[in-house]
Amino acid sequence: MTAAPAQPAPGRLVDGIPVAARLHIVTGKGGTGKTTVAAALALALAEGGRRVLLVEVEGRQALAQLFDVPALPYAEQHLAAAAGGGEVVGLAIDPEEALLEYLDMFYNMKRAAHLMRRMGAIDFVTTLAPGLRDVLLTGKLKERVMELRPDKSPLYDAVVLDGPPTGRIRQFLDATQEVANLAKVGPLAKQSKGVIDLLHGPLTAVHLVALLEEMPVQETIDAARELDDAGYRIGTVVVNRARRTLVPAGQEHPHEAELRRGLDAAGVDAALTAPLARQMAEYATRQSLQAGNASRLDSIAAARVELPELNQPIGLGELNELAEQFMTDDQ
Amino acid sequence: MTGKRRTTSTFDVDALIKDPGTRILVTCGSGGVGKTTTAAALALRAAQAGRRTVVLTIDPARRLAQSMGLTELDNTPREVPGGVDGSSGGALFAMMLDMKRTFDEVVSAHSTPDRAEAIFANPFYQALSSSFAGTQEYMAMEKLSQLAEQGTWDLIVVDTPPSRSALDFLDAPQRLGRFLDGRFIRLLAAPAKAGGKAYLKVVAASFTLVTRVVTKVLGNDLLRDVSAFVASLEAMFGGFRERAEHTYQLLKAPGTAFVVVASPEPDALREASYFVERLAGDQMPLAGLVLNRMHRAAIGPPGTDELTARRAEAAADSLAAKPSTPETALAEAALRVHVQIALAAEHDNRMARRFAAAHPEVPMIAVPALATDVHDLDGLRTIGALLSAH
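As given, the protein sequences belong to chains A and B, one line each in that order.
So for the first sequence, my numbering puts the first residue at 30; every next one is plus one.
So for the second sequence, my numbering puts the first residue at -3; every next one is plus one.
Written out as structure tokens, the structure is:
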């Protein structure tokens, strides 16, 4: 082991982001901001000179939009530099390309590809049968995690996946298992084992993104239990777009006369007193619901990271700000 | 020369749901935008207006499902307790889609009991009916067809599955139909037979090559299951594509209207745009866009100057610079809240304007963000009222 070349030290990361983990899978209910969170996590992991691959698999080109670069081809491409000489590289995995690559690599059969396409076989594998589609995606993911440099050190210090939503994450992660059940022998069965071992092993952590609203919280709790039961390791629960506490305790129902005098001191039209009081009361309601939802998340035994609500649009500056929430000052 | 700009009209939801000519409403949009809630609120409002309405939901949040009396998944419409009072003449029924059971029903309807049993027991069928992409979409459309054929409903409101992209649900049924009915599955089922047919002689070599790949990749076990499945389904072939085609036509028929649901986020509106364009391309009737969760900042009575985020921030800062009193502390908190809401509202309005500029022909209704989550009938009534306020 002494021969292994020195790797750049990771930045100081919060609990729930194990140093040993090389594959980070980010999931969450639709609309919770998975892509933003995955990007912020990738930037945090890249801190201190590390090289991180940020992967998307849903064909939405969400990474290109977030980092404001042209649509990603099926190739690794620089997305952003991180503090301390680190780099985040992006990859959009396309199932069809992954299939062709797979056929070529394992069977030397790329020439069969156009025939398979004409037969509808490619369509079948990549869009109809999510089992097979997800097998291809997770297979490609494993290949990227395991890729080595000529000096035998990993090509990427970490791989972050902007994953499918919680509603489909189990299906996605278990796809290889399912196919292994259907095809008990043969090359596919053999190929499956490596992927299953990676996803269930110490190199992988699943991070759940939640908003502090009732339904996303419930879905997060359900997903955490399901994933845990299925033997996946939960890394962190990431609370996204947390509203700041702006209404002090005891001010949930502001006294209008008092508020009017205060507003007057700031030169604000007294006619706005009642609407502002109502708005403040509503915000206080949301604030307390948010606090209640946050405490419901306590039932998940995993580290919590809270990302503040930032003003739109989110760009690289905002992503770096969010990335800091994944880092700690503790040594 | 002043170019006359078409301006976006307001989506008159009440006119749509009360029109006896409206028979099917399909809500669509990306995940997390309040699609199911919107579908349920539209159905409830239609029922209150005197129409016999059924809402087909795909995957409702647990408490919303409970509030509509959907405690068990039995694939049959049930009347929603406390939904409407009898005086309106309307009724509200709700059901949750059971994808596997619906698929089983289709199989049973098209084959003998013996053959159906053989199909149900086949591992490949079990995988297909419970986990294949497109099955949920296909079965939602199948259920819609069944409800429409019953002829007992004034209005059917369908919520669409939470797909990767909103467009999946239009394409998936046909894709699945094409697959089940297509050459590839026959090839999987009977490689030797396909290769031996006279008309295939020219391409026989290619077939063999493809078969070799398929066998190598999938292994023999899976091929055997598929083969058995296809053999027992032989009688139903053609039926699948025909039904998918039939449903697709139903979506284009007069009486069907699509309601696109979005929130003022770039992703959700991009999906909404794709959907609007696709519906237009397929000549499917788009009724309008529901823009949920719009932030609205406090405004004073008519004649009051708008308090922008910037002005509110300056005012709050000026208070912070003064010696603090309970009054100024209270006003500062109120102003800081206003800054947040006003910034969010500015963003939301900008997003809405951008969509309107790109699609001036699409009527739009904005629904303000509520302070609390919706999980009961009163909440749905509130949303219904907001949908109709203009």
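Idealized CB from N, CA, C, for every residue including glycine.
Computed from a prediction, not measured in an experiment: that's the story for all the values here.
With 16 other Cβ atoms within 10 Å as the buried cut-off, status of residue i
i: Lys189(B); result: Its pLDDT being 44, under 50, Lys189(B) is placed unreliably in this model, and the value from its coordinates should be taken loosely. Burial call: exposed.
i: Thr6(B); result: exposed
i: Pro187(B); result: Confidence is the limiting factor: at Pro187(B) the pLDDT is only 45, short of 50, which leaves the residue's position unreliable and the question unanswerable from this model.
i: Arg273(A); result: exposed
i: Glu238(B); result: exposed
i: Thr368(B); result: exposed
i: Val48(A); result: exposed
i: Asp313(B); result: exposed
i: Ala209(A); result: buried
i: Leu92(A); result: buried
i: Ala313(A); result: buried
Distance cut-off 7 Å: residue i Cβ against heavy atoms of the ligand GTP
i: Thr304(B); result: Looking at this structure, you won't find the ligand GTP or any other ligand, since it has none at all.
Boundaries of the alpha helix (DSSP H) in which residue i is found, first to last residue
i: Asp293(A); result: Glu285 to Ala294
i: Val246(A); result: Glu243 to Asp258
i: Gln336(B); result: Pro322 to Ala354
i: Asn118(B); result: First-last for Asn118(B): undefined, no H or E at that position.
i: Arg79(A); result: That residue, Arg79(A), is in no alpha helix (DSSP H); it is neither H nor E in DSSP.
i: Thr265(A); result: Segment Ile263 to Ala271 is the beta strand (DSSP E) holding Thr265(A); no alpha helix (DSSP H) there.
Minimum Cβ-Cβ distance from residue i to chain B less than 8 Å
i: Gly58(A); result: Checking the displayed sequence, the identity of residue 58(A) turns out to be Lys instead of Gly. Closer than 8 Å: yes.
i: Leu301(A); result: yes
i: Glu243(A); result: yes
i: Gln308(A); result: yes
i: Thr61(A); result: yes
i: Ala294(A); result: yes
i: Leu348(A); result: no
i: Arg290(A); result: yes
i: Asp226(A); result: no
i: Thr314(A); result: yes
i: Gln206(A); result: no
i: Leu287(A); result: According to the sequence as given, residue 287(A) is Glu; it is not Leu. Yes, because at least one Cβ of chain B sits closer than 8 Å to the Cβ of Glu287(A).
i: Leu305(A); result: yes
i: Glu125(A); result: no
i: Val238(A); result: no
i: Val66(A); result: no
i: Glu311(A); result: yes
Rounded Cβ spacing between residue i and residue j (contact assumed at less than 8 Å)
i: Ala87(B); j: Thr49(B); result: 7 Å
i: Gly28(B); j: Thr61(A); result: 7 Å
i: Thr23(B); j: Gly251(B); result: Not a contact, Cβ separation roughly 16 Å.
i: Leu52(B); j: Leu166(B); result: No, Leu52(B) and Leu166(B) are not in contact; Cβ-Cβ is about 16 Å, not under 8 Å.
i: Glu323(B); j: Gly296(A); result: Contact doesn't hold; Cβ gap of about 14 Å is too wide.
i: Leu288(A); j: Leu303(B); result: Not confirmed; about 14 Å, so no contact.
Short CB-CB distance (under 8 Å) between residue i and chain A
i: Gly65(B); result: no
i: Phe225(B); result: no
i: Asp70(B); result: no
i: Gln132(B); result: no
i: Arg274(B); result: no
i: Thr368(B); result: yes
i: Ala330(B); result: yes
i: Ser314(B); result: yes
i: Asp374(B); result: no
i: Ala139(B); result: Note that residue 139(B) corresponds to Lys in the displayed sequence, not to Ala. Not one chain A Cβ lies under 8 Å of Lys139(B).
i: Ile20(B); result: no
i: His371(B); result: yes
Where the beta strand (DSSP E) through residue i begins and ends
i: Val86(A); result: Per DSSP, Val86(A) belongs to no beta strand (DSSP E) and is neither H nor E.
i: Gly57(A); result: Leu52 to Gly57
i: Ile361(B); result: Met360 to Pro364
i: Met92(B); result: Ala87 to Met92
i: Ile20(B); result: Ile20 to Cys24
i: Val255(B); result: Thr252 to Ala258
i: His236(A); result: Thr233 to Ala239
i: Gln319(A); result: Not the beta strand (DSSP E): Gln319(A) falls in the alpha helix (DSSP H), residues Thr302 to Arg325.
i: Pro298(B); result: Unbroken run through Pro298(B): none, as it is neither H nor E.
i: Asn288(B); result: Leu282 to Met290
Subject >> Residues from the stretch 260 to 279 of chain A in contact with chain B, defined by Cβ distance under 9 Å >> reply: Arg272, Arg273, Leu275, Val276 and Pro277
**OP:** With 7 Å as the C-beta to C-beta threshold (strictly closer), list the residues of the stretch 316 to 346 of chain A near chain B in chain order.
**Re:** Leu318, Asn340 and Gln341
**OP:** Below 7 Å between beta carbons is the criterion; list the residues of the stretch 239 to 250 of chain B that meet it against any residue of chain A, in chain order.
**Re:** none
**OP:** Name, going along the chain, the residues of the stretch 83 to 115 of chain A whose beta-carbon falls closer than 8 Å to a beta-carbon of chain B.
**Re:** Glu87, Gly88, Arg89, Ala91 and Gln94
Original post:
For the stretch 173 to 188 of chain A, which residues have a CB atom closer than 9 Å to at least one CB atom of chain D, in sequence order?
Top reply: Judged by its chain identifiers, the structure shown contains no chain D, and its protein chains are A and B.
Subject >> Where the stretch 22 to 35 of chain B meets chain A: residues whose CB sits under 7 Å from a CB there >> reply: Ser26, Gly27, Gly28 and Val29
Original post:
Looking at chain A, which residues of the stretch 290 to 310 of chain B have a Cβ within less than 7 Å of any of its Cβ atoms?
Top reply: Ala294, Ile295, Gly296, Pro297, Thr300, Asp301 and Leu303
Original post:
Closer than 8 Å, Cβ to any Cβ of chain A: which residues of the stretch 349 to 366 of chain B, in chain order?
Top reply: none
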